[in-house]
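In this text, residue positions in the sequence shown follow this note's numbering: the first is 2, and each later residue adds one.
Heads up, the thing below is written out as structure tokens.
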Amino acid sequence: GTETLTTFADYRVPQILRHKGILEYLPSLAMRVDQEQEIEKDSYDEISIRASTVVAVEELVKFLNQNPNTNENSFTDVTVDWYLWQVGERMNQEGMMKPFHRVRTHFY
């Protein structure tokens, strides 16, 4: 089932995780992202953003499922991803966040 899937490490989820202070980019990467410069596909920077996003969402899921008021395994990577993506979409449309990272790829 979906409980075995991981988050979709696309562009919106790392953008909101960065906005909320969960992900922190090196200053050189932050500058490139903020200036909307393209990041090379399969580069260390792209892989780092994607891998960090997966780990961050997994840790959020663990944290949310530890709440005594929550049924065990109520949250999954997919449900948290969907929530973050929806909130991130809205915040981005309202101009509340810095830009997302740009990678020319067909995987998003």
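Glycine residues also receive a C-beta, built at the ideal position from the N, C-alpha and C atoms.
- Using a 10 angstroms sphere on the CB of residue 6, the tally of other CB atoms stays under 16, which defines it as exposed.
- Across the structure, residue 97 and residue 8 are spaced so that their CA atoms are roughly 23 Å apart.
- By the neighbour-count criterion, in which a residue is buried when 16 or more other Cβ atoms sit within 10 angstroms of its Cβ, residue 76 is buried.
- At the C-beta level, residue 19 and residue 86 stay beyond 8 Å of one another.
- Following the DSSP letters along the chain, one finds residue 45 inside the alpha helix (DSSP H) bounded by residues 45-66.
- With 16 or more other Cβ atoms from the protein chains shown falling within 10 Å of its own Cβ, residue 10 counts as buried.
- Taking a C-beta distance under 8 Å as the contact criterion, residue 30 and residue 43 do not qualify as a contact pair.
- Looking at the DSSP output, residue 39 bridges to 103.
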